[in-house]
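Trainee: First, the structure itself, so that you have it in front of you.
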Amino acid sequence: MSDSSTPGGPADHSDDGLTLPPPPPTDYTDSGVPNLDFVRDRIEGRLARAEGGTELAAQGEEARTAAEQAADREKAAAERLAAIRRSLRPDGG
């Protein structure tokens with residue numbers, strides 16, 4: 004069997020003489036550097052996972068409870084600030 008591929012590479016022909024299809028393209032160059040499509044897919048995947056996690060966290064009971072507690076603290080702080088301002092005003096103003 005003759006092998007017209009590069010030395011050490013896969014053969015172009017199988018043992019029964021049929022031509023094999025070319026190998027599928029990889030996500031890396033011959034020098035081992037990832038190609039742009041691979042990097043883009045990885046970044047988009049990470050972004051999608053982060054956004055999904057944020058959405059799921061916002062829907063949970065803990066998130067609602069934390070948001071309610073934060074709103075209660077803001078309201079209490081505003082009331083306290085108003086009380087301090089009233090106490091600093093002169094009686095006539």
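When we follow my numbering, the leftmost residue of the sequence shown carries the number 4, and every step to the right adds one.
Each residue gets a CB set at the ideal place from its N, CA and C atoms; glycine is no exception.
Hey, how far is the Cα of residue 61 from the Cα of residue 67?
Mentor: Counting from one through the sequence shown, the residue named residue 61 turns up at place 58. Counting from one through the sequence shown, the residue named residue 67 turns up at place 64. Cα to Cα, residue 61 sits roughly 7 Å from residue 67.
Trainee: So if DSSP puts residue 32 in a beta bridge, which residue, or which two residues, is it bridged to?
Mentor: Taking the sequence shown and counting its residues from 1, one reaches residue 32 at position 29. None; residue 32 has no bridge partner.
Trainee: Hey, how far is the Cα of residue 72 from the Cα of residue 85?
Mentor: What you label residue 72 is simply residue 69 of the sequence shown in a count that begins at 1. What you label residue 85 is simply residue 82 of the sequence shown in a count that begins at 1. Cα to Cα, residue 72 sits roughly 20 Å from residue 85.
Trainee: Need the endpoints of the alpha helix (DSSP H) that residue 55 sits in, please.
Mentor: As a first step, residue 55 is located in the sequence shown; it is residue number 52 there, counting from the start. Note, residue 55: alpha helix (DSSP H), 39–62.
Trainee: Output the distance between the C-alpha atoms of residue 19 and residue 44, rounded to the nearest integer angstrom.
Mentor: Looking up residue 19 in the sequence shown gives position 16. Looking up residue 44 in the sequence shown gives position 41. Approximately 39 Å, taken between the alpha carbons.
Trainee: Helix, strand or coil for residue 5 per DSSP?
Mentor: Counting from 1 along the sequence shown, the entry for residue 5 is found at position 2. Residue confidence for residue 5 is low, a pLDDT of 46 falling below 50, so the modelled location carries little weight and cannot support an answer.
Trainee: In angstroms with no decimal places, state the Cα-to-Cα distance between residue 37 and residue 28.
Mentor: Residue numbering aside, residue 37 sits at position 34 when the sequence shown is read from its first letter. Residue numbering aside, residue 28 sits at position 25 when the sequence shown is read from its first letter. So the alpha carbons of these two residues sit roughly 12 Å apart.
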